[in-house]
Amino acid sequence: MTQDANPVGSPAGTLTVPPPEHGSWLVRRYGVERARRYRQVGLGTLGYLVLSAGAAISIFPLYWMLITSLKLTGMEFLVPPQLVPNPFAWSNYRSIFEFAPFHIYFRNSFTVVFLATLGTLLSSSLVAFGFARLRFWGRDTMFIVLLSTLMLPEAVVLIPTFILYREFGWLDTLLPLWVKFWFGGAAFYVFLLRQYFRTLPLDLDEAALCDGASHLRLFWQIIMPLAGPALAAVAIFSFVQHWDDFLHPLVFTSSVDVRTVALGLRSFIGDEGNVPWNLLMAASTVSLVPVLILFAIAQKYFISGIQLTGLTGR
Amino acid sequence: MAVIGQAAPPRRRIRWRRHFLGYAFISPWIVGFVVFIAGPMAASVYLSLTDYDLLSAPRYAGFENFERLAKDPSVPKALFNTAYYTFISVPAKLAVALLMAVVLNMKLRFVTFFRVAYYLPTVVPAVSAVIMWMWIFNPDFGPVNLTLRLFGIPTPGWFWDENWSKPAIIIMQLWNVGTQMVVFLAGLQTVPEVMHEAASIDGAGRLRRFWHVTLPMLTPVVFFNAVVGIIGSWQVFTPAFIATEGGPRESTLFLVLHLYRHAFQNFRMGYASTLAWTLFLIVLIFTIIQFAMARRWVYYEAEAR
Numbered sequence: 058m059t060q061d062a063n064p065v066g067s068p069a070g071t072l073t074v075p076p077p078e079h080g081s082w083l084v085r086r087y088g089v090e091r092a093r094r095y096r097q098v099g100l101g102t103l104g105y106l107v108l109s110a111g112a113a114i115s116i117f118p119l120y121w122m123l124i125t126s127l128k129l130t131g132m133e134f135l136v137p138p139q140l141v142p143n144p145f146a147w148s149n150y151r152s153i154f155e156f157a158p159f160h161i162y163f164r165n166s167f168t169v170v171f172l173a174t175l176g177t178l179l180s181s182s183l184v185a186f187g188f189a190r191l192r193f194w195g196r197d198t199m200f201i202v203l204l205s206t207l208m209l210p211e212a213v214v215l216i217p218t219f220i221l222y223r224e225f226g227w228l229d230t231l232l233p234l235w236v237k238f239w240f241g242g243a244a245f246y247v248f249l250l251r252q253y254f255r256t257l258p259l260d261l262d263e264a265a266l267c268d269g270a271s272h273l274r275l276f277w278q279i280i281m282p283l284a285g286p287a288l289a290a291v292a293i294f295s296f297v298q299h300w301d302d303f304l305h306p307l308v309f310t311s312s313v314d315v316r317t318v319a320l321g322l323r324s325f326i327g328d329e330g331n332v333p334w335n336l337l338m339a340a341s342t343v344s345l346v347p348v349l350i351l352f353a354i355a356q357k358y359f360i361s362g363i364q365l366t367g368l369t370g371r
Numbered sequence: 019m020a021v022i023g024q025a026a027p028p029r030r031r032i033r034w035r036r037h038f039l040g041y042a043f044i045s046p047w048i049v050g051f052v053v054f055i056a057g058p059m060a061a062s063v064y065l066s067l068t069d070y071d072l073l074s075a076p077r078y079a080g081f082e083n084f085e086r087l088a089k090d091p092s093v094p095k096a097l098f099n100t101a102y103y104t105f106i107s108v109p110a111k112l113a114v115a116l117l118m119a120v121v122l123n124m125k126l127r128f129v130t131f132f133r134v135a136y137y138l139p140t141v142v143p144a145v146s147a148v149i150m151w152m153w154i155f156n157p158d159f160g161p162v163n164l165t166l167r168l169f170g171i172p173t174p175g176w177f178w179d180e181n182w183s184k185p186a187i188i189i190m191q192l193w194n195v196g197t198q199m200v201v202f203l204a205g206l207q208t209v210p211e212v213m214h215e216a217a218s219i220d221g222a223g224r225l226r227r228f229w230h231v232t233l234p235m236l237t238p239v240v241f242f243n244a245v246v247g248i249i250g251s252w253q254v255f256t257p258a259f260i261a262t263e264g265g266p267r268e269s270t271l272f273l274v275l276h277l278y279r280h281a282f283q284n285f286r287m288g289y290a291s292t293l294a295w296t297l298f299l300i301v302l303i304f305t306i307i308q309f310a311m312a313r314r315w316v317y318y319e320a321e322a323r
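Heads up: the protein sequence lines correspond to chains A and B, in order.
Each residue of the first sequence is one higher than the one before, starting from 58 at the first, in this note's numbering.
Each residue of the second sequence is one higher than the one before, starting from 19 at the first, in this note's numbering.
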């Protein structure tokens, strides 16, 4: 059905082709040319209706989150619901900082996301460069080991790393949430970047090395500047992953001083049935903003970055 | 496989240097692998054979934990719940994501708007999303039940009803398939236009072009999304932890939630490690099965050449 919904004309070069819908009643009634036109308009309208319905379902919860965040306490659940808050309770956005130390949560989340993403970008691109453009003993075997760690459920290493961090004295600090990512980032990002690096011509390496550049310089001054889209994709993935992460902060931290936003949001659901919905929604809205901004900035690199990684089999 | 540049000079010293260079570049990963993956995994095997409450030293317990695993009445429930979730949510998410990607790949007006609209839910932090859906599915004043009541349809209790709690979580997960969608979209855009033209010259309609051209070309992406999706869904945790706390009547007790409770609420690290290995084996088996089956249905262009 979705394919039929394509309102755009057939690609150029197919004009000479007899339409496959030869004998339909539209053709009999209006002739080939007008039938095709009507069909396109009809399918186009249908397509847009379906698309818009989907978009509405997609956006509605966000819209509701936003308006609930602006309602006065007690007005969240009026029936029929207020589609536009009356009055606008902007003070909710101040109240969340009184309700809980959200500025601390934000500072912690930003620290973790920044350090983890920086570490991921630097270390996983170094490793990916090694796997993609250097030859050494055991390279392919080690790459297979790296790929197989992709399938390792995080829960398997959660308990032993918890004990490890306890030995290090890292529990209830932010360290467990980012240090690990300075050591190869995550296997998936190494994989993405390696695939990308392999698409760059090897002449670059030869030229640079002939001119006397070191491998490190080749990596940093030639390859990295060409890897923008792939790095952007990794940065977005990493940012969202760490901003979103709930399980690790939950396990590795306990005190308020090192709490992240994701954990802090949960602190709103304290006692059963006594949730300050408007504040909760305001806090959720605020927690959304950084990711939205990042996505708006890096969105255009995102898809091309994934495409060029060869994930798609080509 | 591309052959990598610099024809190696025969001298040993230089060759040795080249290997060293390679290891130097991947050294962060080697350290990370040993410290954060291989070491912990080995420790986990040992832990699964002990009784360890973090306070006193681990006590060797042989296979006691495995006996406990066999007797734990919550384990079959957790296995069933997680399997139920995986087998329904993964195919459903793939289908929805693929459908969305196909539509959004068309040359429509406002397509950028729609792409952003469809991707937006994915950037909502998981915790916010779960909280939002707790309200959407609220039996009394949530918009879903308000709408159902409007049409006189019986209203389920969703998260608060043991028969509806898992479907509620699955529906909630269907809302943010943006990541899979983007991967599909990236894949769709690499399907050569020429193939579509060729097929349409041969008289194939849109549906048949999709079924016989687009879908086969897309199978590597479907495979990737399926493998990643299944691994991820066996580890589902956050929705159950926040929205239902495993209830009602353990209907959303998933494996990782069970593990979390034993490890970090009861501090039974040994038994929790046994649970972790159970999870690992399941994921491993499923991944192996998928790779074995992939030969039958995944099409890689490079191989056909």
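Here a beta-carbon is modelled for each residue, glycine too, at the ideal position from N, C-alpha and C.
Bridge partners for residue i per DSSP, in chain order?
i	result
Tyr64/B	Looking at the DSSP assignment, Tyr64/B forms no beta bridge with any residue, so it has no partner.
Arg77/B	Asp69/B
By how many angstroms is the C-alpha of residue j removed from the C-alpha of residue i?
i	j	result
Ser183/B	Thr140/B	22 Å
Ile45/B	Tyr289/B	In the sequence on display, residue 45/B carries Ser and not Ile. Cα to Cα, Ser45/B sits roughly 34 Å from Tyr289/B.
Ile153/A	Leu337/A	8 Å
Ala264/A	His214/B	40 Å
Val170/A	Gly241/A	16 Å
Val345/A	Gln283/B	A quick correction: the sequence has Leu, not Val, at residue 345/A. Using only the alpha carbons, I get a separation of about 30 Å.
Asp324/B	Leu164/B	This structure does not reach residue 324/B, given that chain B is present from 19 up to 323, and the question cannot be answered.
Phe255/B	Thr102/A	41 Å
Leu207/A	Arg85/A	58 Å
Val274/B	Phe254/A	36 Å
Ser311/A	Ile216/A	16 Å
Leu228/A	Ser182/A	29 Å
Thr342/A	Cys267/A	54 Å
Leu203/B	Ala189/A	26 Å
Val291/A	Thr174/A	8 Å
Leu225/B	Ile114/A	26 Å
Leu65/B	Pro76/B	8 Å
Ala310/B	Phe248/A	21 Å
Val193/A	Phe38/B	First, the amino acid is wrong: residue 193/A is Phe here, not Val. Near 8 Å, if we compare the C-alpha coordinates of Phe38/B and Phe193/A.
Tyr95/A	Gly223/B	17 Å
Val334/B	Trp295/B	Absent from the model: residue 334/B. The displayed extent of chain B is 19 to 323, so no value can be given.
Leu351/A	Gly195/A	38 Å
Arg151/A	Pro158/A	11 Å
Leu100/A	Leu126/B	12 Å
His299/A	Leu178/A	13 Å
Check whether chain A comes within 8 Å of residue i, counting only Cβ atoms and requiring the distance to be less than that.
i	result
Met311/B	no
Pro324/B	Within the shown structure, residues of chain B are numbered from 19 to 323, placing residue 324/B beyond reach of any answer.
Leu298/B	The identity of residue 298/B in the sequence shown is Phe, whereas the question assumes Leu. So, interface residue.
Thr256/B	yes
Pro46/B	yes
Ala217/B	no
Leu73/B	no
Phe2/B	Lying before the first or after the last residue shown, residue 2/B is absent from chain B, which here runs from 19 to 323.
Gly40/B	yes
Would you please verify whether the beta carbon of residue i is less than 8 Å from any beta carbon of chain B?
i	result
Ile326/A	yes
Pro142/A	no
Pro118/A	yes
Val315/A	no
Gly99/A	no
Gln272/A	Reading off the sequence, residue 272/A comes out as His, not Gln. Output row for His272/A: interface = yes.
Phe303/A	yes
Trp334/A	yes
Gly269/A	no
Trp82/A	no
On the premise that residue j lies in contact with residue i, defined as a C-beta separation below 8 Å, what is that separation, rounded to the nearest angstrom?
i	j	result
Tyr358/A	Pro286/A	4 Å
Gly50/B	Lys237/A	7 Å
Leu234/A	Phe163/A	Actually they do not touch by this definition, with Cβ atoms about 15 Å apart.
Hey, is residue i close to the ligand ZN, as in C-beta under 7 Å from one of its heavy atoms?
i	result
Trp176/B	The ligand ZN is not part of the structure shown, which contains no ligands of any sort.
Original post:
Taking a cut of 7 Å between CB atoms, which residues from the region 274-295 of chain A lie near chain B?
Top reply: Going along the region 274-295 of chain A in chain order, one finds no residue with a Cβ nearer than 7 Å to chain B.
Original post:
Quick one, which residues of the region 259-281 of chain B are near chain A if we go by CB-CB under 9 Å, in chain order?
Top reply: Phe259, Ile260, Leu273, Val274, Leu277, Tyr278 and Ala281
**OP:** Closer than 9 Å, Cβ to Cβ, to anything on chain B: give me those residues from the region 207-226 of chain A, in chain order.
**Re:** Leu207, Met208, Leu209, Pro210, Glu211, Ala212, Val213, Val214, Leu215, Ile216, Pro217, Thr218, Phe219, Ile220, Leu221 and Arg223
Original post:
Can you list, in chain order, the residues of the region 137-152 of chain B whose Cβ is nearer than 7 Å to any Cβ on chain A?
Top reply: Leu138, Pro139, Val141, Val142, Pro143, Ala144, Val145, Ser146, Ile149 and Met150
Subject >> Contacting positions in the region 238-250 of chain A - beta carbon closer than 9 Å to chain B >> reply: Phe238, Trp239, Phe240, Gly241, Gly242, Ala244, Phe245 and Val247
**OP:** Could you list the residues in the region 56-71 of chain B with a C-beta less than 7 Å from some C-beta on chain A, going in chain order?
**Re:** Pro58, Met59, Ala61, Ser62 and Leu65
Original post:
If contact means a Cβ-Cβ distance below 7 Å, which residues of the region 173-191 of chain A contact chain B?
Top reply: Ser180, Leu183, Val184, Phe186, Gly187, Phe188, Arg190 and Leu191
Subject >> Under 8 Å (Cβ pairs) to chain B, residues found in the region 145-177 of chain A >> reply: Listed by position, the residues of the region 145-177 of chain A near chain B (Cβ gap below 8 Å) amount to none.
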